[in-house]
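Enquirer: Below is one structure. I have some questions about it.
In the working numbering, the protein residues as written are 2 to 203.
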């Protein structure tokens with residue numbers, strides 16, 4: 002019974018926190034438009050930087066990191082490592098399908114990265130290194146994100162040898178990869194947008 006109660010708490014807290022999409026809020030409150038109507042149409046960090054510049058993107062970064070951190074703290078208190086993963090899964094779900102914004106949000110990369118950092122710093126450092134190398138070489142943020150997501154369950158399996166944890170991380174990775182399906186198609190055709198440090202000031 003306690004497990005069911007904890008699961009409900011983590012699911013509700015994670016999803017509701019995840020649904021607070023910082024990119025949408027910052028764009029509406031400070032720029033006067035919905036970020037989903039600009040650039041790539043994605044309510045995430047990369048599109049926020051391209052459309053709103055560094056200053057507002059820092060607000061997006063802080064908001065998304067904070068909501069993931071709070072959810073994972075609650076998860077760790079309730080159910081230790083598995084609780085962190087469960088909370089992280091629902092935060093990502095809320096970020097991708099936010100109840101407050103018509104179930105159309107971001108792709109969950111920044112939230113996922115925060116979750117991994119709080120879950121296991123060793124896995125985070127490996128994934129961060131892979132991400133930075135790929136983005137540095139190709140300038141494709143999406144390629145680094147998809148590759149890091151795919152490696153997450155592999156590293157979790159190697160470090161923890163726990164089948165439920167591996168399955169949960171695999172589902173999370175699959176969700177992130179699915180959200181990048183259009184990016185993957187563009188990468189295959191060499192048409193994906195390349196990241197630069199010259200964000201807009203709109």
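A virtual CB, placed ideally from N, CA and C, is assigned to each residue, including glycine. Since the structure is predicted, the reported quantities are computational estimates derived from the model, not experimental observations.
Count the other CB atoms within 10 Å of the CB of residue 115; is the residue buried (16 or more) or exposed (fewer)?
Expert: Label assigned to residue 115: buried.
Enquirer: Quick check on this structure: which residue in 159, 196, 150 and 162 has the alpha carbon closest to the alpha carbon of residue 140?
Expert: It is 196.
Enquirer: Helix, strand or coil for residue 96 per DSSP?
Expert: Helix.
Enquirer: In the DSSP assignment, the alpha helix (DSSP H) including residue 145 goes from what residue to what residue?
Expert: First-last of the alpha helix (DSSP H) with residue 145: 142–161.
Enquirer: Kindly confirm or deny that the segment 69–81 and the segment 113–127 touch, where touching means at least three C-beta pairs closer than 8 Å.
Expert: Cβ pair count under 8 Å is three or more, so yes.
Enquirer: Do you know how far the Cα of residue 43 is from the Cα of residue 142?
Expert: About 13 Å.
Enquirer: When we look at the beta-carbon of residue 165 and count the other beta-carbons within 10 Å, is it buried (16 or more) or exposed?
Expert: Exposed.
Enquirer: Return the first residue and the last residue of the alpha helix (DSSP H) that residue 188 is part of.
Expert: Element bounds for residue 188: 182–189.
Enquirer: Which residues mark the beginning and the end of the alpha helix (DSSP H) in which residue 44 is found?
Expert: First-last for residue 44: undefined, no H or E at that position.
Enquirer: Determine the contact status of residue 106 and residue 99, defining contact as a CB-CB distance below 8 Å.
Expert: Cβ atoms of residue 106 and residue 99: closer than 8 Å.
Enquirer: Roughly how many angstroms lie between the CA atoms of residue 19 and residue 92, to the nearest whole one?
Expert: Distance between the alpha carbons of residue 19 and residue 92: 4 Å.
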